[in-house]
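>
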Amino acid sequence: MAQYTTVNGSVALITIQNPPVNALRAAVREGLFNAIQKASSDPLVRSVVLSGQNGTFCGGADIKEFGNVSSMSGPLLVEVFALMETSMKPVVAAIEGFALGGGLELALACHYRIGHSKARVGLPEVNLGLFPGRQVIAGEALKLGLLDRVTDHNTVDTALAFAKSVEGKPLDNRRLGNRPCPPLENMDAFFEEAMKRVRSRARGASAPVVCVQAVRGAATLPFHKGMELEKVLLGTLFNSGQAQASQYCFFAERAGARWSMPSGARWDTCRALSISTAAVIGLGTMGRGITVALARAGLSVVAVETQEHQLAEAQRVVSHMLKGGGQVSYSSDLQAAAEVDLVVEAVFEDMALKEKLFKLLSSICKPGTLLATNTSTLDIDRLASCTRDPQLVVGMHFFAPAHMMRLLEVVYGPRSSPEAVATAMQLGKRMGKVSVAVGNCPGFVGNRMLKPYLEQAYFLLEEGATPELVDAALEEFGFPMGVFRMTDLSGLDVGWRIRKEEGLTGPDVPAGQPTRSRHGHRYSPLGDLMCERGRYGQKSGRGWYLYDKPGGRVARSDPWLRNFLEEYRVRNALVARPIHRQEVLERCLYAIINEGFRILDDGIAASPQNIDAIYVFGYGWPKHRGGPMFYAGQVGLARVLEGLERYHLAHPDVPHLEPSSLLRRLVASGSPPIHKWNQMVKGHRSQL
Ligand code: NAI
Numbered sequence: 095m096a097q098y099t100t101v102n103g104s105v106a107l108i109t110i111q112n113p114p115v116n117a118l119r120a121a122v123r124e125g126l127f128n129a130i131q132k133a134s135s136d137p138l139v140r141s142v143v144l145s146g147q148n149g150t151f152c153g154g155a156d157i158k159e160f161g162n163v164s165s166m167s168g169p170l171l172v173e174v175f176a177l178m179e180t181s182m183k184p185v186v187a188a189i190e191g192f193a194l195g196g197g198l199e200l201a202l203a204c205h206y207r208i209g210h211s212k213a214r215v216g217l218p219e220v221n222l223g224l225f226p227g228r229q230v231i232a233g234e235a236l237k238l239g240l241l242d243r244v245t246d247h248n249t250v251d252t253a254l255a256f257a258k259s260v261e262g263k264p265l266d267n268r269r270l271g272n273r274p275c276p277p278l279e280n281m282d283a284f285f286e287e288a289m290k291r292v293r294s295r296a297r298g299a300s301a302p303v304v305c306v307q308a309v310r311g312a313a314t315l316p317f318h319k320g321m322e323l324e325k326v327l328l329g330t331l332f333n334s335g336q337a338q339a340s341q342y343c344f345f346a347e348r349a350g351a352r353w354s355m356p357s358g359a360r361w362d363t364c365r366a367l368s369i370s371t372a373a374v375i376g377l378g379t380m381g382r383g384i385t386v387a388l389a390r391a392g393l394s395v396v397a398v399e400t401q402e403h404q405l406a407e408a409q410r411v412v413s414h415m416l417k418g419g420g421q422v423s424y425s426s427d428l429q430a431a432a433e434v435d436l437v438v439e440a441v442f443e444d445m446a447l448k449e450k451l452f453k454l455l456s457s458i459c460k461p462g463t464l465l466a467t468n469t470s471t472l473d474i475d476r477l478a479s480c481t482r483d484p485q486l487v488v489g490m491h492f493f494a495p496a497h498m499m500r501l502l503e504v505v506y507g508p509r510s511s512p513e514a515v516a517t518a519m520q521l522g523k524r525m526g527k528v529s530v531a532v533g534n535c536p537g538f539v540g541n542r543m544l545k546p547y548l549e550q551a552y553f554l555l556e557e558g559a560t561p562e563l564v565d566a567a568l569e570e571f572g573f574p575m576g577v578f579r580m581t582d583l584s585g586l587d588v589g590w591r592i593r594k595e596e597g598l599t600g601p602d603v604p605a606g607q608p609t610r611s612r613h614g615h616r617y618s619p620l621g622d623l624m625c626e627r628g629r630y631g632q633k634s635g636r637g638w639y640l641y642d643k644p645g646g647r648v649a650r651s652d653p654w655l656r657n658f659l660e661e662y663r664v665r666n667a668l669v670a671r672p673i674h675r676q677e678v679l680e681r682c683l684y685a686i687i688n689e690g691f692r693i694l695d696d697g698i699a700a701s702p703q704n705i706d707a708i709y710v711f712g713y714g715w716p717k718h719r720g721g722p723m724f725y726a727g728q729v730g731l732a733r734v735l736e737g738l739e740r741y742h743l744a745h746p747d748v749p750h751l752e753p754s755s756l757l758r759r760l761v762a763s764g765s766p767p768i769h770k771w772n773q774m775v776k777g778h779r780s781q782l
């Protein structure tokens with residue numbers, strides 16, 4: 095709501111009160127409207143200050159109302175803005191904390207804006223599939239002309255004094271609608287160039303593109319015409335599936351924090367252990383990033399690595415990344431981990447090595463130390479069983495580069511205690527990660543779903559596609575990188591080593607075993623053949639694409655690969671056929687989605703939102719498509735099922751294409767909306 099008081103005789107102070115972020119829900123809009131009217135008609139009032147309670151100006155529109163725009167009650171935001179802007183008494187915004195989205199618009203409708211030096215302003219709605227851009231801190235906002243004054247003192251007091259000083263002064267040139275847009279040379283060329291750039295970066299998201307259209311309107315049309323155009327454009331965005339998907343992601347990002355375990359243990363009923371010191375074991379690609387992430391979160395870290403040159407190199411790289419900040423010491427001796435509260439193990443993906451290490455850690459570390467592994471696929475429970483306190487073992491699965499990627503999968507084994515899970519989840523939060531608790535199975539959630547995706551991509555190559563064709567389809571869909579560019583970046587040898595460990599390739603494959611079949615299922619050895627030829631991807635300068643040098647970034651098509659694929663097809667009696675973009679998308683994406691349904695049914699992920707958060711924040715699934723499970727709902731579950739049935743019929747030796755039982759049950763029960771899927775999950779206990 096909006097509290098109304100008068101100060102110093104002539105200043106009306108209006109304070110928005112709607113914790114936690116003073117969002118502009120119906121009652122707030124109504125309160126503001128009435129308060130402005132009251133100030134306008136009160137003969138004693140000569141100026142107005144608008145502020146928000148608890149050090150926050152306003153976080154913007156109430157996203158919970160978005161789903162139901164047509165039934166919004168109370169005055170519209172634009173009506174509140176218009177009333178403020180046309181007020182005959184000066185209105186001064188006192189901005190503390192932040193003014194974001196509709197909150198900044200509200201401030202812009204005031205005649206003056208005073209911001210605290212630490213305040214942030216911006217229009218971040220593009221992240222919700224709507225208008226427009228980034229947040230800036232007060233100093234920059236002052237330079238940009240968004241604020242009129244910045245203060246280090248009490249912002250409301252400063253604004254009250256300021257309001258008094260401008261009482262009775264003319265307001266015409268203070269009204270935003272009257273301000274001219276600064277002239278721009280070559281306006282058309284400027285906007286065309288801007289549009290080109292935004293389009294290529296937006297990767298299929300419409301909000302940034304529509305934003306350029308709106309800014310063009312604002313720069314070239316009279317104010318009221320610009321507003322009309324914006325209204326029309328916003329309407330198209332609001333009704334697009336993309337805005338719904340982005341808003342869904344906003345909630346999915348936060349849903350992970352509210353985890354529960356199959357045992358019934360929940361986030362809100364259990365206490366995290368206190369963690370202030372940590373050891374990271376193994377300073378390769380991952381260990382270095384994890385060290386940086388932990389140190390930046392304020393932990394004192396000891397980084398342990400057995401190979402001398404790796405230790406020296408890691409020390410150089412980590413210090414450079416931390417720029418002198420953070421508390422990190424280095425050691426080649428595992429004993430350095432004796433007194434820490436937490437260990438994160440990031441040595442090679444080798445079960446025997448990790449088992450040995452966990453046994454050793456269990457005897458070295460003080461009682462109560464939480465032991466975490468960064469394994470991408472291995473069994474957490476087997477590692478736990480090597481230790482004295484298996485309840486204190488969890489997975490903390492970071493993504494490369496670990497100090498930058500937002501996702502953290504926290505893996506609980508059957509014996510992990512709720513406190514251990516709570517501790518890892520809370521640590522994830524301290525590191526600024528999107529943490530999602532997941533169950534223990536090969537690949538957990540993210541990598542388990544990646545497997546059928548990669549598999550389909552390889553099969554498509556066998557059947558006649560090229561890496562370029564597959565990648566183009568996926569990038570057009572919105573992935574930052576297609577599957578082949580992505581595996582070139584992460585290294586083809588990673589999966590190869592895992593497949594060797596699993597006995598799927600190399601000398602362990604029994605003689606006479608058909609090369610395109612394993613255990614009665616279709617198998618593509620293409621990735622293995624590439625690795626046998628030293629084609630590991632970017633690191634070796636060649637993979638599915640050619641790079642100018644080892645470690646090079648710019649991918650070029652490689653004629654060698656075309657010949658390699660042709661020879662491979664001839665050898666295996668495969669006839670290349672033309673493959674359409676639609677088939678690429680359906681087979682790759684439906685395979686991911688299908689595994690997602692199995693994961694839900696197996697209880698490995700607690701909700702479709704959790705799966706979607708994992709894909710959006712760890713695997714580059716485009717936010718404007720909401721994550722694989724949300725996308726399945728948008729496409730229509732019946733259509734996804736029909737697609738999988740069709741492809742499974744054509745490829746009966748590919749079990750990943752066989753529709754999951756949960757998907758079938760959902761379609762049979764009329765394809766309920768995503769928040770009801772859990773009710774159909776095996777063993778789900780109704781909350782009613
Ligand atoms: P890496 O090969 O870059 O580094 C492993 C490091 O561990 C090496 O420096 C090695 O000298 C060191 N090491 C081996 N045995 C040790 C011991 N007993 N004590 C101390 N240090 C030892 O490997 P990477 O890529 O960093 O992977 C580490 C773990 O993280 C693996 O379990 C992997 O599956 C997982 N992971 C890897 C991701 C990636 O993108 N590379 C992503 C997520 C998880």
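For the sequence shown, our numbering assigns the number 95 to the initial residue and increments by one for each residue that follows. Just so you know, even glycine gets a beta-carbon here, dropped at the ideal spot from N, CA and C.
By DSSP, does Glu386 sit in helix, in strand, or in coil?
Residue mapping note: residue 386 aligns to position 292 of the sequence shown, counting from 1. Position check: residue 386 holds Val in this sequence, whereas Glu was assumed. In this structure, Val386 counts as helix in the three-state DSSP scheme.
> For a test of your reading of the model: does the CB of Thr150 fall under 6 Å from any non-hydrogen atom of the ligand NAI? Yes or no.
As a working note, residue 150 is residue 56 in the sequence shown. No, the Cβ of Thr150 stays beyond 6 Å of every heavy atom of the ligand NAI.
> Does at least one heavy atom of the ligand NAI sit under 6 Å from the Cβ of Val441?
Against the sequence shown, residue 441 aligns to sequence position 347. Yes.
> Say the cut is 6 Å; is the CB of Thr100 nearer than that to a heavy atom of the ligand NAI?
Residue mapping note: residue 100 aligns to position 6 of the sequence shown, counting from 1. No - the ligand NAI has no heavy atom lying nearer than 6 Å to the Cβ of Thr100.
> For Lys794, which option in Ala762, Val748 and Met519 has the closest C-alpha, if you only look at C-alpha atoms?
Residue 794 is absent from the model: the chain starts at 95 and stops at 782.
> Would you list the one or two residues that DSSP bridges to Ser354?
The residue given as residue 354 occupies position 260 in the sequence shown. Arg360, per the DSSP bridge assignment.
> Which residues mark the beginning and the end of the alpha helix (DSSP H) in which Arg692 is found?
Along the sequence shown, read from residue 1 onward, the residue named residue 692 stands at position 598. Per DSSP, Arg692 belongs to the alpha helix (DSSP H) from Arg675 to Asp695.
> Taking DSSP as the reference, what is the three-state secondary structure of Val230?
Taking the first residue of the sequence shown as position 1, residue 230 is located at position 136. Note: Val230 maps to strand in three-state DSSP.
> Quick one: grab the DSSP three-state call for His210.
On the sequence shown, position 116 is the one that residue 210 refers to. His210 falls in the strand class under three-state DSSP.
> Closer than 6 Å: is that where the CB of Ser529 sits relative to any heavy atom of the ligand FMN?
The ligand FMN is not among the ligands present in this structure, which contains only the ligand NAI.
> Let me confirm a value: Ser456 is counted as buried when at least 16 other C-beta atoms fall within 10 Å, else exposed. Which label applies?
As a first step, residue 456 must be located in the sequence shown, where it is residue number 362. Buried, by the Cβ-count rule.
> Given Ala726, which residues of its chain have a CB within under 6 Å of its CB, disregarding the five upstream and five downstream residues?
Here the question's residue 726 lines up with position 632 in the sequence shown. Cβ within range, chain order: Ile687 and Val734.
> Taking Pro702 as the reference, give the member of Pro561, Gly298, Met445 and Gly540 with the closest Cα.
Looking up residue 702 in the sequence shown gives position 608. Ranking the options by Cα distance to Pro702, first place goes to Gly540.
> Along the chain, which unbroken stretches of the beta strand (DSSP E) at least 3 residues long are found entirely within the stretch 478-514?
For the stretch 478-514, whole beta strand (DSSP E) runs of length 3 or above, ordered along the chain, are 487-492 and 501-506.
> Let me confirm a value: Val648 is counted as buried when at least 16 other C-beta atoms fall within 10 Å, else exposed. Which label applies?
Taking the first residue of the sequence shown as 1, we reach residue 648 at position 554. Result: exposed.
> Could you give the distance in angstroms between the alpha-carbon of Asn772 and the alpha-carbon of Arg352?
Here residue 772 refers to the residue found at position 678 of the sequence shown. Here residue 352 refers to the residue found at position 258 of the sequence shown. Cα to Cα, Asn772 sits roughly 15 Å from Arg352.
> Just to confirm the assignment, what range does the beta strand (DSSP E) spanning Phe192 have?
As a position in the sequence shown, residue 192 is number 98, starting the count at 1. Its beta strand (DSSP E) spans residues Phe192 to Leu194.
> Closer than 6 Å: is that where the CB of Gly376 sits relative to any heavy atom of the ligand NAI?
Position 282 of the sequence shown, counted from the first residue, corresponds to residue 376. Yes, since a heavy atom of the ligand NAI falls inside the 6 Å radius drawn around the Cβ of Gly376.
> Sort Gly646, Ala301, Gln111 and Pro274 by Cα distance to Gly320 and report the nearest one.
Working through the sequence shown from its first residue, we reach residue 320 at position 226. Comparing Cα positions, the closest option is Pro274.
> Please work out which residues of its chain come closer than 6 Å, Cβ to Cβ, to Asp242, disregarding the five sequence neighbours upstream and downstream, and give them in chain order.
Against the sequence shown, residue 242 aligns to sequence position 148. Tyr206 and Arg207, listed in sequence order.
> Between the Cα of Arg410 and those of Leu388, Gly383, Ala432 and Leu428, spot the shortest distance and give me the residue it belongs to.
Here residue 410 refers to the residue found at position 316 when the sequence shown is read from its first residue. If we check each option's Cα against that of Arg410, Gly383 comes out closest.
> Alpha carbon to alpha carbon, how far is Val303 from Leu782? Give it in angstroms, no decimals.
By one-based count along the sequence shown, residue 782 stands at place 688. By one-based count along the sequence shown, residue 303 stands at place 209. Confidence is the limiting factor: at Leu782 the pLDDT is only 34, short of 50, which leaves the residue's position unreliable, though a coordinate-based value still follows. Whole-angstrom Cα-Cα distance: 45 Å.
> Quick check: the stretch 482-490 against the stretch 504-511, are there 3 or more CB pairs under 8 Å?
Touching, yes.
> By how many angstroms is the C-alpha of Cys625 removed from the C-alpha of Leu477?
Position 383 of the sequence shown holds residue 477. Position 531 of the sequence shown holds residue 625. Going by the C-alpha atoms only, they are around 29 Å apart.
> What are the residues that DSSP puts in a beta bridge with Thr100?
In the sequence shown, residue 100 corresponds to position 6, counting from 1. Ala106.
> Ala432: which of Glu449, Leu447, Leu454 and Arg627 sits nearest, CA to CA?
On the sequence shown, residue 432 is found 338 positions in, with the first residue counted as 1. Among Glu449, Leu447, Leu454 and Arg627, the Cα nearest to that of Ala432 is on Leu454.
> Note down, in chain order, each residue of its chain lying with its Cβ closer than 7 Å to the Cβ of Cys204, except the 5 sequence neighbours on either side.
The sequence position of residue 204 within the sequence shown is 110, counting from 1. Leu144, Met178, Val185, Val186 and Ala187.
> In its own chain, which residues sit with a C-beta less than 7 Å from the C-beta of Gly690, not counting the 5 before and 5 after it?
By 1-based counting over the sequence shown, the position of residue 690 is 596. The answer, listed in chain order, is Met543, Ile705, Pro722 and Met723.
> Spell out the partners DSSP gives Leu464 in its beta bridges.
To locate residue 464, count along the sequence shown from 1; it is residue 370. Per DSSP, Leu436.
> Taking the continuous beta strand (DSSP E) assigned at Val664, which residues delimit it?
Here residue 664 corresponds to residue number 570 of the sequence shown, with the count starting at 1. First-last for Val664: Pro653 to Arg665, but that is the alpha helix (DSSP H), not the beta strand (DSSP E).
> Using a Cβ distance threshold of 8 Å, determine whether the stretch 710-721 contacts the stretch 332-345, with at least three qualifying pairs required.
Touching, per the Cβ criterion.
> For Glu399, verify whether its CB is less than 6 Å away from any heavy atom of the ligand NAI.
The residue labelled residue 399 in the question sits at position 305 within the sequence shown. For the ligand NAI, at least one heavy atom lies less than 6 Å from the Cβ of Glu399.
> Taking the alpha helix (DSSP H) that Ile768 belongs to, which residues open and close that run?
Residue 768 sits at position 674 when you count from the first residue of the sequence shown. Careful: Ile768 lies outside any alpha helix (DSSP H) and carries neither H nor E.
> Roughly how many angstroms separate the alpha carbons of Tyr709 and Asn112, rounded to a whole number?
Position 615 of the sequence shown, counted from the first residue, corresponds to residue 709. Position 18 of the sequence shown, counted from the first residue, corresponds to residue 112. Spanning the two alpha carbons is a distance of roughly 33 Å.
> Looking at Met380 and the ligand NAI, is the gap between the Cβ and the nearest heavy atom below 6 Å?
Taking the first residue of the sequence shown as 1, we reach residue 380 at position 286. Met380 Cβ: within cutoff of the ligand NAI.
> Between Leu104 and Ser134, which are expected to be in contact by the criterion C-beta below 8 Å, what is the C-beta distance as a whole number of angstroms?
Taking the first residue of the sequence shown as 1, we reach residue 104 at position 10. Taking the first residue of the sequence shown as 1, we reach residue 134 at position 40. First, the residue type needs correcting, since residue 104 is Ser and not Leu in the sequence shown. 13 Å between Cβ atoms; not a contact.
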